[in-house]
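Protein chains in written order, with my numbering: chain H, 94 to 295; chain V, 94 to 295.
We treat Cβ as the ideally placed atom computed from N, Cα and C, and that holds for glycine.
Everything on this sheet refers to the single structure shown next.
Protein chains: 2
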Amino acid sequence: MSRPARYHHGDLHDTLLREAGILLREQGVEGLSLRRLAERAGVSRTAPYHHFADKNALLCALAEQGFRRLDTMMGEVELDPADPEPGLRRFVRAYLRFASDDPEQYELMFGRTLWKSGRPGDELKGVAYGCFRHYLVRLRPLVSQGENEGAEPLRLAQASWATLHGLCRLLLDGIYLRREDMEAVSDQAVGLMLAALRPAWG
Amino acid sequence: MSRPARYHHGDLHDTLLREAGILLREQGVEGLSLRRLAERAGVSRTAPYHHFADKNALLCALAEQGFRRLDTMMGEVELDPADPEPGLRRFVRAYLRFASDDPEQYELMFGRTLWKSGRPGDELKGVAYGCFRHYLVRLRPLVSQGENEGAEPLRLAQASWATLHGLCRLLLDGIYLRREDMEAVSDQAVGLMLAALRPAWG
DNA sequence: GGTGAATCTTGACGGCGTCAAAATAGCACC
DNA sequence: GGTGCTATTTTGACGCCGTCAAGATTCACC
C-alpha cells in the first residue's frame, strides 16, 4: 500500500541510500544530484542533509557498500596454492565481472571523485584498505618462497591489483579496450600474474 | 607591455588553451570552469563559445595536447630488442613521470570526463589511438617469437598498458599506492612485463 | 500534557554551462 | 572614403546544482 504522505518519512536514511544506488547505476555520478534524489524519495530538497552531512558523505556511504561487496566476493573465490592457475583465472574473471556489473559503483569506489577531489571518510578508508589487505592475505600463499629473492608479496599484490584496476578502467571508460577483447586480455593478465608468482625468471 | 583592453582580443583561442592548461594543472578539472577561465583571459563569460563549441570541446583540445606530448615521449625512449630490460625500465619510469608531472592532465586524457560522460571528438580519438598504436609498434620487436605460442603482441600491449595505467591511477588518486612505494612497485611491473615477453613460461 | 530533540519545509545565495539577442570591430569591395 | 558582411564580444536570462538559515511539524520521553 502506498502510505499517505507523512511529514516524517520514517526510513529516509535507507531509502536515500537505496535510491542513490539505483540512480548511480542508471545515470552515473554525474546524474546523481541531491535534489533529484530527494525528489525520488518524495521529500524536499534539503531533507537529505539531516541524514548525511553533505553529498560527499552520501557518496562515501555508497562506496563503502561497494567495498563490502567486493570484500565478500574476494573471500568466495577458491585458491589452491598447489595449482594456482585455475584459481587465479577465476579471481580475475570475478573481479572484472564485479566491475562491469555496476561500472558506476566501481568508478565511485576507486575514482578521484572521492579520493582526490572529495574527502574519503575514515570509515571508507578503513573498508577500502581492509579490502586490499584481504587480497594480500589471499595472494600470499600462492607466492612460491622456495628460492630466496622470490617476489615480495606486497609488491606483487600492488602490481597485480594495478593490472586488474587498469584493465577495468580502460574497459569501463571505453579507451583502448573493447568488450570483446576482454577475455583474451584477461587471460594475458592471468599469464602475467602467474609468471610473477614463480621467482624463476632471472 | 599590457596592451589596452581591446574589444577584440586577437589571440583568444590560444590564450584560452594556455590558461586552461594552467588552471587544469593547478586546480584540476573541478576547478576549471569556463566562467573562471574567461575571467582569467580578461574576457566576458560567453566569449569562449566563439572559439570552442562547448566545454567538452575545450577539454578535448586540452587532452589532445597531452596525447601529442605522450606520443613524442614514447618515441624518445631507446629500446634494444637484444636486451629489453633496461629499455623497459626506462619506459616505465618515463610513463610514470609523465603521469605524475601533470596528474590532472593525465586524468583528463584517460578519465571518464571525456570518454564516458563526455563526447570525445574524432580528433581526440585519432591521436589517442595513434598513441597506443605507436606503443604497440615499439613493443613488438621486443616480443620473442622463437617458440610458437609466444605472447600475442597486441594482447601483451593491452595488458601491459593496463598495468601502467592502473599504477598511475592508484598512485594519482592516492589509493593503495604511496609515492615512496612507487619505485619498488614499478620495478615489479617491469618484472611482470619482462616475464611476459619470453614465451618460456608453460 | 508539556518539552526538547529530531525531522522536514520553504526561501535564499552563489556558482555553473549555455542559449538568444544586441553591440562592436575588422575587412573586403565599391 | 564609405558600405555592408562577418567574426567577435557583450549583456541578459534560464535552469540546474550544493548548501546554509530559519521556521514548521512531529516524535519520544518525563
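*Can you list, in chain order, the residues of the region 153-166 of chain H whose Cβ is nearer than 7 Å to any Cβ on chain V?*
none
_Using only the alpha-carbon positions, how far apart do Gly135 of chain H and Ile115 of chain H sit?_
As a working note, residue 135 of chain H is residue 42 in the first sequence. As a working note, residue 115 of chain H is residue 22 in the first sequence. Each residue's Cα considered, the two are about 15 Å apart.
*chain V within 8 Å of Phe225 of chain H, Cβ atoms only*: Position 132 of the first sequence, counting from 1, holds the residue named residue 225 of chain H. It does; some Cβ of chain V falls within 8 Å.
*Measure from the C-beta of Ala282 of chain H to each C-beta in chain V and report whether the shortest distance is under 8 Å.*
Residue 282 of chain H sits at position 189 when you count from the first residue of the first sequence. Yes, its Cβ sits closer than 8 Å to a Cβ of chain V.
*Would you mind stating whether Arg133 of chain H and Asp266 of chain V have Cβ atoms separated by less than 8 Å?*
If you number the first sequence from 1, residue 133 of chain H lands on position 40. If you number the second sequence from 1, residue 266 of chain V lands on position 173. Taking 8 Å as the Cβ cut-off, Arg133 of chain H and Asp266 of chain V do not qualify as a contacting pair.
*Phe184 of chain V lies in the alpha helix (DSSP H); which residues open and close that run?*
Counting from 1 along the second sequence, the entry for residue 184 of chain V is found at position 91. Phe184 of chain V -> alpha helix (DSSP H) spans Pro177 to Asp194.
*asked:* Please report the distance separating the alpha-carbon of Ala277 of chain V from that of Arg248 of chain H.
replied: One-based indexing of the second sequence puts residue 277 of chain V at position 184. One-based indexing of the first sequence puts residue 248 of chain H at position 155. Taking the straight line from one Cα to the other gives about 7 Å.
*Along chain V, in chain order, which residues have C-beta atoms closer than 9 Å to that of Arg262 of chain H?*
The residue labelled residue 262 of chain H in the question sits at position 169 within the first sequence. By Cβ distance, chain V contributes Phe203, Gly204, Arg205, Ala255, His258, Gly259 and Arg262.
*Compare the C-beta of Val236 of chain H against all C-beta atoms of chain V and say whether one is closer than 8 Å.*
Translated into the one-based positions of the first sequence, residue 236 of chain H becomes position 143. Residue-level contact check: Val236 of chain H does not touch chain V, since none of the beta carbons of chain V fall below 8 Å from its beta carbon.
*asked:* Quick check: Val170 of chain H and Ala187 of chain H, are their CB atoms within less than 8 Å of each other?
replied: Locating residue 170 of chain H in the first sequence gives position 77, counting from the first residue. Locating residue 187 of chain H in the first sequence gives position 94, counting from the first residue. Less than 8 Å divides the Cβ of Val170 of chain H from the Cβ of Ala187 of chain H.
*With 16 other CB atoms within 10 Å as the buried threshold, where does Asn241 of chain H fall?*
Translated into positions along the first sequence, residue 241 of chain H becomes position 148. Its pLDDT being 47, under 50, Asn241 of chain H is placed unreliably in this model, and the coordinates cannot settle the point.
_Coarse secondary structure for Ser279 of chain V, derived from DSSP in three states_ = Locating residue 279 of chain V in the second sequence gives position 186, where the first residue counts as 1. It is helical.
*At least one CB of chain H closer than 8 Å to the CB of Ser187 of chain V: is that the case?*
Reading the second sequence from its first residue, position 94 is the one you call residue 187 of chain V. According to the sequence displayed, residue 187 of chain V carries Ala and not Ser. Residue-level contact by beta carbon fails for Ala187 of chain V and chain H, as no gap is shorter than 8 Å.
_Could you tell me the alpha carbon to alpha carbon distance between Ser137 of chain H and Ser279 of chain V, rounded to whole angstroms?_
The sequence position of residue 137 of chain H within the first sequence is 44, counting from 1. The sequence position of residue 279 of chain V within the second sequence is 186, counting from 1. Distance between the alpha carbons of Ser137 of chain H and Ser279 of chain V is about 50 Å.
*Is Gly223 of chain V buried or exposed, if buried means 16 or more other CB atoms sit within 10 Å of its CB?*
Counting from 1 along the second sequence, the entry for residue 223 of chain V is found at position 130. The residue in question, Gly223 of chain V, is exposed, as its Cβ has fewer than 16 Cβ neighbours within 10 Å.
*Confirm, please, whether the CB-CB distance from Pro174 of chain V to Pro213 of chain V is below 8 Å.*
Sequence index remark: in the second sequence, residue 213 of chain V carries index 120 (1-based). Sequence index remark: in the second sequence, residue 174 of chain V carries index 81 (1-based). At least 8 Å separates the beta-carbon of Pro213 of chain V from that of Pro174 of chain V.
*asked:* Rounding to the nearest angstrom, what Cα-Cα distance links Arg182 of chain V and Leu285 of chain V in this structure?
replied: Numbered from 1 along the second sequence, position 89 holds the residue referred to as residue 182 of chain V. Numbered from 1 along the second sequence, position 192 holds the residue referred to as residue 285 of chain V. Using only the alpha carbons, I get a separation of about 11 Å.
*For the alpha helix (DSSP H) that contains Gly206 of chain V, what are its first and last residues?*
In the second sequence, residue 206 of chain V corresponds to position 113, counting from 1. It is Thr, not Gly, that sits at residue 206 of chain V in the sequence shown. Counting along the chain, the alpha helix (DSSP H) containing Thr206 of chain V begins and ends at Arg205 to Trp208.
*Can you find a CB in chain H that lies within less than 8 Å of the CB of Gly267 of chain V?*
To locate residue 267 of chain V, count along the second sequence from 1; it is residue 174. True, the Cβ-Cβ gap to chain H drops below 8 Å.
*Counting only the same chain and skipping the five closest in sequence on each side, list residues whose C-beta sits under 8 Å from that of Thr155 of chain H.*
Translated into the one-based positions of the first sequence, residue 155 of chain H becomes position 62. The identity of residue 155 of chain H in the sequence shown is Leu, whereas the question assumes Thr. Leu110, Ala113, Gly114, Leu117, Gln198 and Leu201.
*State yes or no: is the beta carbon of Lys148 of chain V nearer than 8 Å to at least one beta carbon in chain H?*
Along the second sequence, read from residue 1 onward, the residue named residue 148 of chain V stands at position 55. Not one chain H Cβ lies under 8 Å of Lys148 of chain V.
*CA-CA distance, His143 of chain H and Cys153 of chain H?*
Against the first sequence, residue 143 of chain H aligns to sequence position 50. Against the first sequence, residue 153 of chain H aligns to sequence position 60. Approximately 16 Å, taken between the alpha carbons.
*Does Asp107 of chain V come within less than 8 Å of chain H when only Cβ atoms are used?*
Counted from its first residue, the second sequence places residue 107 of chain V at position 14. It does not: the Cβ of Asp107 of chain V has no partner Cβ on chain H nearer than 8 Å.
_List, in chain order, every chain H residue whose beta-carbon is nearer than 7 Å to that of Arg248 of chain V._
Taking the first residue of the second sequence as position 1, residue 248 of chain V is located at position 155. Result: Ala277, Val278 and Gln281.
_Taking 8 Å as the threshold (C-beta atoms), are Leu263 of chain H and Met275 of chain H in contact?_
If you number the first sequence from 1, residue 275 of chain H lands on position 182. If you number the first sequence from 1, residue 263 of chain H lands on position 170. If you check the CB distance, Met275 of chain H and Leu263 of chain H do not come in under 8 Å.
*Gly121 of chain V versus chain H: which residues are under 9 Å apart at the beta carbon?*
Translated into the one-based positions of the second sequence, residue 121 of chain V becomes position 28. Identification of chain H residues near Gly121 of chain V by a Cβ-Cβ cut-off of 9 Å yields Arg205, Lys209 and Ser210, ordered along the chain.
*Just the Cα atoms here: how many angstroms apart are Glu273 of chain V and Arg272 of chain H?*
Numbered from 1 along the second sequence, position 180 holds the residue referred to as residue 273 of chain V. Numbered from 1 along the first sequence, position 179 holds the residue referred to as residue 272 of chain H. Near 35 Å, if we compare the C-alpha coordinates of Arg272 of chain H and Glu273 of chain V.
*Taking Glu171 of chain H as part of the alpha helix (DSSP H), name the residues at either end of that continuous run.*
Residue mapping note: residue 171 of chain H aligns to position 78 of the first sequence, counting from 1. Glu171 of chain H -> no alpha helix (DSSP H), and no H or E assigned at all.
*Please go through the same chain and pick out, in chain order, the residues whose beta-carbon is closer than 8 Å to the beta-carbon of Glu178 of chain V, but skip the five residues on each side of it.*
What you label residue 178 of chain V is simply residue 85 of the second sequence in a count that begins at 1. Closer than 8 Å at the Cβ level, and outside the excluded window around Glu178 of chain V, lie Val283 and Leu287.
*Local Cβ density within 10 Å of Glu119 of chain H, reported as buried at 16 or more and exposed below that*: Here residue 119 of chain H refers to the residue found at position 26 of the first sequence. It is exposed - the Cβ of Glu119 of chain H has fewer than 16 other Cβ atoms within 10 Å.
*Contact list for Leu296 of chain V against chain H, beta-carbon separation under 8 Å*: This structure cannot settle anything about residue 296 of chain V, because the visible part of chain V is limited to 94 through 295.
*Would you mind sorting His101 of chain H into buried or exposed? The rule is 16 or more other CB atoms within 10 Å of its CB.*
Working through the first sequence from its first residue, we reach residue 101 of chain H at position 8. So His101 of chain H ends up on the exposed side.
*Quick one, which of H:Ser237, H:Gln158, H:Asp194 and H:Leu172 has its alpha-carbon nearest Cys261 of chain H's?*
As a working mapping, residue 261 of chain H is identified with position 168 in the first sequence. Comparing Cα-Cα distances from Cys261 of chain H to each of H:Ser237, H:Gln158, H:Asp194 and H:Leu172, the minimum goes to H:Asp194.
_For Glu41 of chain V, count the other beta carbons within 10 Å of its own beta carbon; 16 or more makes it buried, fewer makes it exposed. Which is it?_
One cannot answer for residue 41 of chain V here, as it falls past the ends of chain V, which runs 94 to 295.
*Arg99 of chain V by DSSP, collapsed to three states: which one?*
Sequence index remark: in the second sequence, residue 99 of chain V carries index 6 (1-based). Residue state, collapsed to three classes: coil.
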